[in-house]
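In the UniProt record's numbering, the protein residues as written are 1 to 91.
Right under this line is the structure:
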């Protein structure tokens, strides 16, 4: 889910944390099976908490994420239009 700061810019660091937490929540159980030294009574739930909060915010404010997506698509299309009309080359 994309979040925006007070200036309206995308909060990239929060998005990155959410993506890492989501990936860790999927991969961690696989590695835990093979770790014999792991203490099963203590669970680091930090990443699970981040993923759960992100999912709840998305469910509660789905229309906001839809709006953000449409805004980004508009920005993308304008950027691509500028690229196609300019003579800028990327190396």
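Built from N, CA and C at the ideal position, the CB exists for glycine as well. Small disclaimer: the values here were computed from a predicted structure and weren't measured.
Subject >> Alpha carbon of residue 15 to alpha carbon of residue 27, nearest angstrom >> reply: Numbered from its first residue, the chain shown carries residue 15 at position 15. Numbered from its first residue, the chain shown carries residue 27 at position 27. Cα atoms of residue 15 and residue 27: separation of roughly 18 Å, rounded to the nearest angstrom.
Subject >> Neighbourhood of residue 7 by C-beta, 8 Å cutoff - its chain only, sequence neighbours within 5 removed >> reply: On the chain shown, position 7 is the one that residue 7 refers to. For residue 7, where only same-chain residues beyond five positions count, there are no Cβ hits under 8 Å.
**OP:** Mark residue 21 as exposed unless 16 or more other C-beta atoms lie within 10 angstroms of its C-beta, in which case mark it buried.
**Re:** Numbered from its first residue, the chain shown carries residue 21 at position 21. It is buried - the Cβ of residue 21 has at least 16 other Cβ atoms within 10 Å.
Subject >> Opposing strand residues paired with residue 4 [DSSP bridges] >> reply: For the purposes of this step, residue 4 is identified with residue 4 of the chain shown, where counting begins at 1. Under the DSSP definition of a beta bridge, residue 4 partners with 10.
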